[in-house]
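Let me begin by presenting the structure, written as structure tokens, before commenting on it.
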Amino acid sequence: MAEKSAGKKQSCARKSRKATTKKKKHYDVSFYHDWCKACGICMAFCPQKIIQADKNGKPGISEMDKCVGCRFCEIHCPDFAITVSDRKRNRRQNDV
Ligand code: SF4
Ligand code: SF4
18 MAEKSAGKKQ SCARKSRKAT TKKKKHYDVS FYHDWCKACG ICMAFCPQKI
68 IQADKNGKPG ISEMDKCVGC RFCEIHCPDF AITVSDRKRN RRQNDV
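First residue of the sequence shown: 18, per the working numbering; consecutive thereafter.
Given below as structure tokens:
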């Protein structure tokens, strides 16, 4: 009986270790400034508040890694000027 519960504890520990080592997903957000009318909706809807206006009122992102991929900006843009995509991992990022 004691052996069974020890085994269970080990498997739980293994599962929690797996959960903590899960990598954060990253996203890329592209703006088509030719279609954008600088309405500011995307900036207002972004829950991370990472979309800022440039001097012409057009959006841009300075800290792309903070994007959570919710796609609120893409969905609410009235001019379809935003595309959010999963960032592909660079397979050679550890190469010298
Ligand atoms: S996908 Fe979400 S978090 Fe990322 S820029 Fe758009 S609204 Fe902000
Ligand atoms: S919601 Fe669309 S049109 Fe409005 S500022 Fe953002 S990208 Fe431009």
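Don't be surprised by glycine CBs; every beta carbon is placed ideally from N, CA and C.
Can you tell me whether residue i is buried or exposed? The criterion is at least 16 other CB atoms within 10 Å of its CB, across all chains shown.
i: Ala-70; result: exposed
i: Ala-61; result: exposed
i: Pro-76; result: buried
Please tell me whether residue i and residue j are closer than 8 Å, where the distance is taken between their beta carbons.
i: Val-46; j: Ile-78; result: yes
i: Gly-86; j: Lys-42; result: yes
i: Cys-59; j: Ile-99; result: yes
i: Asp-103; j: Tyr-44; result: yes
i: Val-101; j: Cys-94; result: no
Run the proximity test for residue i: is its beta-carbon closer than 7 Å to any non-hydrogen atom belonging to ligand 4?
i: Tyr-49; result: For ligand 4, the structure offers nothing, since it holds only ligand 1 and ligand 2.
For residue i and residue j, which I take to be in contact (beta-carbon distance under 8 Å), what is that distance rounded to the nearest angstrom?
i: Ile-68; j: Lys-83; result: Contact flag wrong, Cβ pair sits at about 10 Å.
i: Asp-96; j: Cys-53; result: 6 Å
With DSSP run on the structure shown, which of helix, strand or coil describes residue i?
i: Phe-97; result: coil
i: Val-113; result: Any answer about Val-113 is weak, because its pLDDT of 47 lies below 50 and its placement is not dependable; what the coordinates show is given next. In the structure shown, Val-113 sits in coil (DSSP, three-state: anything other than H, G, I, E or B).
i: Ala-70; result: strand
i: Asp-103; result: strand
i: Asp-45; result: strand
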